[in-house]
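Residue numbers (mature numbering (1 follows the signal peptide of the UniProt record, and there is no 0)): -23 to -1, 1 to 183.
The C-beta atom is built at its ideal place from N, Cα and C for all residues, glycine as well.
Model, not experiment: these values are computed from the prediction.
Below you'll find the structure, written out as structure tokens, and then a few comments.
And the structure:
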């Protein structure tokens, strides 16, 4: 009940905060992030493996109606195990002015892990993304946080922060690369694994 109340409270706060915030036009943003790192749990450590996430975000100018994002993640580790997830988010564009943007919302994901005793794990989470482009420059900074709200046998939290650079910046489309640092935790059947390291991102916005 407490978890449901927390999700309801966050959702209500987002709607109130987004009363006057919405995109100016229809838009689609594709984002791909990748990292090559290990996972640690006390004195146990996995080999380095690929970790990546892909997302598609759809924005519209209709007030109060949330924007939609869909995505997928992949973890290729020898231990705690290979895993995949699919997710969907409902979010609001709270700030989009003078090179600064802030999105926040709620998401739902399903994890499938190659680990003993785990089939499917359904989770709810809160998510926020921020970006600031430096004036008269192609450089910028970004940050993202994902916080689990209601986990099953797999719980996943992550934050990342990095620098961005606009490779292409046209009226109809832009392409941006990102390089930064991320910290992830995955609680699997009560055991909390942690992974830290650099990530590389590519974003295309239409």
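Exercise. So the beta strand (DSSP E) residue 85 belongs to, where does it begin and stop?
Worked result: 77 to 90
Exercise. Just the Cα atoms here: how many angstroms apart are residue 179 and residue 152?
Worked result: 7 Å
Exercise. According to DSSP, is residue 73 helix, strand or coil?
Worked result: strand
Exercise. Which stretch, first to last residue, makes up the beta strand (DSSP E) that contains residue 170?
Worked result: 168 to 182
Problem set entry | Cβ pair residue 46, residue 61 closer than 8 Å | no
Exercise. Alpha carbon to alpha carbon, what distance is there between residue 52 and residue 18?
Worked result: 16 Å
For this session: Tell me whether residue 37 sits in a helix, a strand or coil according to DSSP, three-state version.
Result: coil
Problem set entry | Own chain residues within Cβ distance below 6 Å of residue 122, not counting five before or after | 105, 136
Exercise. Using DSSP with H/G/I as helix, E/B as strand and the rest coil, what is residue 120?
Worked result: strand
Exercise. Can you list, in chain order, the residues of its chain whose CB lies under 7 Å from that of residue 67, leaving out five sequence neighbours each side?
Worked result: 43, 45, 82, 83
For this session: Sort 22, 73, 59 by Cα distance to residue 38 and report the nearest one.
Result: 73
For this session: Please go through the same chain and pick out, in chain order, the residues whose beta-carbon is closer than 6 Å to the beta-carbon of residue 159, but skip the five residues on each side of it.
Result: 137, 176
For this session: Give every residue of the same chain whose Cβ lies closer than 8 Å to the Cβ of residue 112, excluding the five residues on either side of it in the sequence, and list them in chain order.
Result: 76
For this session: With DSSP collapsed to three states, give me the class of residue 19.
Result: coil
For this session: Could you name the residues of the same chain whose beta carbon sits closer than 6 Å to that of residue 181, not counting the 5 residues immediately before and after it, in chain order?
Result: 7, 152
For this session: Could you name the residues of the same chain whose beta carbon sits closer than 6 Å to that of residue 64, not counting the 5 residues immediately before and after it, in chain order?
Result: 48, 84, 86
For this session: Could you check the C-alpha separation between residue 11 and residue 143 for me, to the nearest Å?
Result: 18 Å
Exercise. If you check the beta carbons only, do residue 70 and residue 36 fall under 8 Å apart?
Worked result: yes
Exercise. What's the C-alpha gap between residue 16 and residue 171?
Worked result: 5 Å
Problem set entry | Close beta carbons around residue 80, own chain, < 6 Å, minus the five adjacent residues each side | 68, 70, 106
Problem set entry | Coarse secondary structure for residue 45, derived from DSSP in three states | strand
Exercise. Given residue 141, which residues of its chain have a CB within under 6 Å of its CB, disregarding the five upstream and five downstream residues?
Worked result: 117, 119, 153, 155
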